[in-house]
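The next block holds one structure in the form of structure tokens; read it before the comments.
2 protein chains.
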Amino acid sequence: MNEIALPTLRANRVGSSREDLRIHNLSLVLSLVHKNVSLSRSDLAAQTRLNRSTVSDLVAELSERGLLLETERPQATGVGRPSHMVSVNNRVVAFAVEITTYAVRVAAVGLAGKVIDRRRAVTGLLPSPSRVVEIIAELVASIRSGLDKNSLIAGIGVSIPGQVNEQTGTLRMVTMLGWGEVELASMISAKTGLPVSLGNDGTISCVAERDFGAGRGFNDIVYIFGGAGGIGGGVIVGGQMLRGTAGFAGELGHMRISDSKIEDSAGLPGTLEALVKREDLLDALHLDDADDDELTRAILKSKSLRVRKLIERQIDLLGIAIANCVNIFNPEVVLLAGFLSSLFDADDYRLLAKARAGGLAGARERVVVRKAELGANLVLVGAAEIAFAGLLADPAGFKLRSPKSIK
Amino acid sequence: MNEIALPTLRANRVGSSREDLRIHNLSLVLSLVHKNVSLSRSDLAAQTRLNRSTVSDLVAELSERGLLLETERPQATGVGRPSHMVSVNNRVVAFAVEITTYAVRVAAVGLAGKVIDRRRAVTGLLPSPSRVVEIIAELVASIRSGLDKNSLIAGIGVSIPGQVNEQTGTLRMVTMLGWGEVELASMISAKTGLPVSLGNDGTISCVAERDFGAGRGFNDIVYIFGGAGGIGGGVIVGGQMLRGTAGFAGELGHMRISDSKIEDSAGLPGTLEALVKREDLLDALHLDDADDDELTRAILKSKSLRVRKLIERQIDLLGIAIANCVNIFNPEVVLLAGFLSSLFDADDYRLLAKARAGGLAGARERVVVRKAELGANLVLVGAAEIAFAGLLADPAGFKLRSPKSIK
DNA sequence: TCTATTTGTTGTCTAGGGCAACATAATGCA
DNA sequence: TGCATTATGTTGCCCTAGACAACAAATAGA
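Chains A and B are the protein sequences, given in the same order. Numbers in the working numbering are just positions in the first sequence, counted from 1, shifted up by 3. Numbers in the working numbering are just positions in the second sequence, counted from 1, shifted up by 3.
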């Protein structure tokens, strides 16, 4: 029904001129097609409530700029003249980068959300920032050289397993990598000649879920992700990513919920991340390593009382955290990803009961708790999304690059 | 329900036409003058980045509608032709209603933020909703009859010490009054013939602080209020009130931060509200009743070890809650109101240290913790703000009423 | 008094969305 | 098969609202 994450125009406090109007409407149309991959022009007119002729004009401009494609032969859906389908041009691409503890993944992702090419390189343990930047630049260059000549490059979006100042493109405290303050965005930009956007991995995954996953159609989402390194999160408020002043918002894993002295990865005691750990589950199940599906299966199969107790404890704690989020954000949906979805599968009834018990009457009623949808490509798609953000916000003003023009 | 403060244009997902443009710019100008009480036309042009002639035109339309006033004799500020001052017309009024446990306050508040008239009636303990509505209607009517004939009435804004569905104007769970689900907005509207907006008291106070108090100039605010009935809160994200799906968001007091079994007013254990209580302070200080200033003085004067310990415990818990908020919202400022500001005064150093200790590196750095500013009129001003919201959002389309036309 | 500076005012220009009329392409029924 | 119906695309014109430029007005300072 409602479309989400549509472009908020510029939610700033300056006056708007006719140009802003045009930018907004172009942005709106492009964003709508982007989210739905393909739409008819009449759908666009209906959803935007703009005049047919206006939509035609907007679509024409976006097509001219190479952002949209119109099908020649429209297929009929019912009575009346069939409408042309408009789809996003997947030749408009962004480079999505995922930095993890010991590897880097880079992908070219089309505006239609399709992964066009993907490479991966192992960085080794605790690599230096400049080494990682080098590897990223190499991977980007090699993918770039293989792109279609007509491609248009929007930029690079990078997912970071730690804190990021999104305003300045600076890293802070990536404990998993042992990095302190690093000017990552400008470093990557210098080596590639492309604009770079950074984002926290939780935030980025949340965006991906909103646009293409279990969060579609929702405007108020709490997303909690459990990975090997800890628990991250992201929050969508009124269709918009919650960023905070510097982009540090959404650290749901470091929410303190207990008097326990056990510390999380950031050294904070009694937090959700400190108490609900993937490792503990693996230990109890005598698993060395497992992906989330294997973990879920192992949990469901296990007859061990110890495992049972552990899971109940973790579920109860997760329930408390969810309740806190519900009281604070009054969201439409809470999405659980990573091993937290294994906990959901283990005993969703208990989890929901616990979450409800801690929520206030009003807020908890309509809340839906769900598993996230997107799998391995999640972060890459999300990273591409933040790279596309500028283009989507101002389709006419955003400068796209060719695959050839290096630097 | 509606937005207050600066009008973020319509952050909606439909296309914009020229009319929307006009609405936005009118809204912007009116909101700016409203926030600053008085501004010169050149200031307006500078701040909105609109053309001088456009600002003139907008101001002229708003003046014609009786919303703004222009001074005849501009006073010079420097070189150049002096600019006309534009101020908000305080004859445009809203009725602000504050419902508390045993009394109702109603005020007429001008668009300039001045309280024009104010009445109060004691309701007795646990009055029925319809009784309270009756009292409100009477107070509104009596104030209304005394208003200047040229007044323009925007509507009624009501502050509720409990949960409110702002979308539907329905109350839920006002434990302090023993009320369940009540269609309060339509009840009041039926008796007064005026549009009614409801808001949670925490939310409303937060809005008032943002617009006229310690939150001026900030876009990301966490507000925590400690009253006799418990702890409420409000959050401003990117200049906008955090509302959630149904308007239940911002219940910071019910955030669970401990394993303690002590329950808060909603029956939730281990929450901030359960553990940090005004009552406990009064008890320890052997005070029967005291306002916040008296409380602060008593705290600072007290030499009792028991009091000292209690305060330290409360401060530490409040610090944890603040840290959680900082990690979740990455705000620019955290405002403490009510008896929480007494705790701040008691030992701000300890409180800040505790809050910092629980915050993540990035988010905690620039956070400022402050006492809220506005006093007794806070809630009334805030309630008026939510009544003005519709007018500020669409100055040309909003229907104002005369004092005479009853019903 | 004259100049520089800033602001207000007026008339004109123009971009861009609305609208109506018409063209087009499908369905459905006689 | 032909014609009515319906939904969509296209075209030309209109209108509004903001920009802009030129000029007037009001101040300070020399």
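Think of the CB as a built atom: it goes at the ideal place given N, C-alpha and C, for glycine as much as any other residue.
- In this structure Ile159(B) is in contact with Ala97(B), their Cβ atoms being roughly 7 Å apart against a cut-off of 8 Å.
- If you check the CB distance, Asn54(A) and Thr248(B) do not come in under 7 Å.
- Contacts with chain B at 7 Å (Cβ-Cβ) do not include Met179(A).
- The Cβ atoms of Ala99(A) and Ala387(A) lie closer than 7 Å to each other.
- Put simply, the CB of Gly247(B) is near chain A, with a gap under 7 Å to one of its CB atoms.
- His87(B) has its alpha-carbon roughly 57 Å from the corresponding atom of Arg359(A).
- Close partners of Arg369(B) in chain A (Cβ separation under 8 Å): Thr248, Ala249.
- Taking a cut-off of 8 Å for Cβ pairs, the region 285 to 302 of chain B and the region 233 to 243 of chain B do not touch, as fewer than three such pairs fall below it.
- Taking all protein chains shown into account, Asn92(A) has 16 or more neighbouring C-beta atoms within 10 Å of its C-beta and is therefore buried.
- Against chain A, a Cβ distance below 8 Å from Met88(B) picks out nothing, because the smallest value is about 20 Å.
- By the criterion of a C-beta distance shorter than 7 Å, Val36(A) is surrounded in its chain by Leu42, Leu71, Val89, Ser90, Val91, once the five residues flanking it on both sides are discounted.
- Contact between the region 204 to 212 of chain B and the region 161 to 174 of chain B is established, with three or more Cβ pairs separated by less than 8 Å.
- Secondary-structure assignment with DSSP links Thr274(B) through a beta bridge to Arg259(B).
- With 16 or more other CB atoms across the displayed protein chains lying within 10 angstroms of its CB, Tyr226(A) is buried.
- Assigned with DSSP and collapsed to three states, Met179(A) falls in helix.
- Beta bridge pairing from DSSP links Arg108(A) with Glu101(A), Arg123(A).
- Rounded to whole angstroms, the Cβ separation of Leu321(B) and Leu346(B) is 6 Å, and the two are in contact under 8 Å.
- Residues of the region 250 to 262 of chain B with a Cβ closer than 9 Å to any Cβ of chain A, in chain order: Gly250, Phe251, Ala252, Gly253, Glu254, Leu255, Gly256, His257, Met258, Arg259, Ile260, Ser261, Asp262.
- Taken atom to atom, the span from the alpha-carbon of Asn203(A) to that of Asp151(B) is near 56 Å.
- In this chain, Ala188(A) is not harboured by any beta strand (DSSP E); it is covered by the alpha helix (DSSP H) spanning 187 to 195.
- The alpha helix (DSSP H) runs of length 4 or more contained entirely in the region 17 to 69 of chain B are, from start to end of the chain, 21 to 39, 44 to 51, 55 to 67.
- Taking 8 Å as the upper bound for CB-CB distance, Ser344(B) and Ala375(B) are in contact here, some 6 Å apart.
- Assignment of Ser162(B) by DSSP, reduced to helix, strand and coil, places it in the strand class.
- Under the Cβ distance rule, Val240(A) counts among the residues neighbouring chain B, one pair being separated by less than 7 Å.
- Under the 7 Å criterion on CB atoms, Ala356(A) is classed as non-interfacial with respect to chain B.
- When DSSP reads this structure, Tyr226(B) sits in a beta bridge with Gly237(B), Leu338(B).
- If you check each beta-carbon in the region 26 to 55 of chain A against every beta-carbon of chain B, the ones closer than 7 Å belong to His27, Asn28, Leu31, Thr51, Arg52, Leu53.
- For Leu24(B), at least one C-beta of chain A is nearer than 7 Å to its own C-beta.
- In this structure, the straight-line span from the alpha carbon of Leu354(A) to that of Glu266(B) is close to 21 Å.
- Annotated as distal: Phe342(A) and Gly256(A), with beta-carbon spacing of 7 Å or more.
- Residues of chain A whose Cβ lies closer than 9 Å to the Cβ of Leu271(B) are, in chain order, Ala326, Asn330, Ala360, Gly361, Gly362, Leu363.
- It is roughly 11 Å from the alpha-carbon of Ala217(A) to the alpha-carbon of Val371(A).
- In the structure shown, Gly205(B) adopts helical secondary structure according to DSSP, grouped into three states.
- For the region 214 to 227 of chain B, the set of positions with a beta-carbon nearer than 8 Å to some beta-carbon of chain A reads Asn222, Asp223 in chain order.
- The alpha-carbon separation between Met244(B) and Thr74(A) amounts to approximately 43 Å.
- Here DSSP, grouped into helix, strand and coil, assigns Val329(B) to helix.
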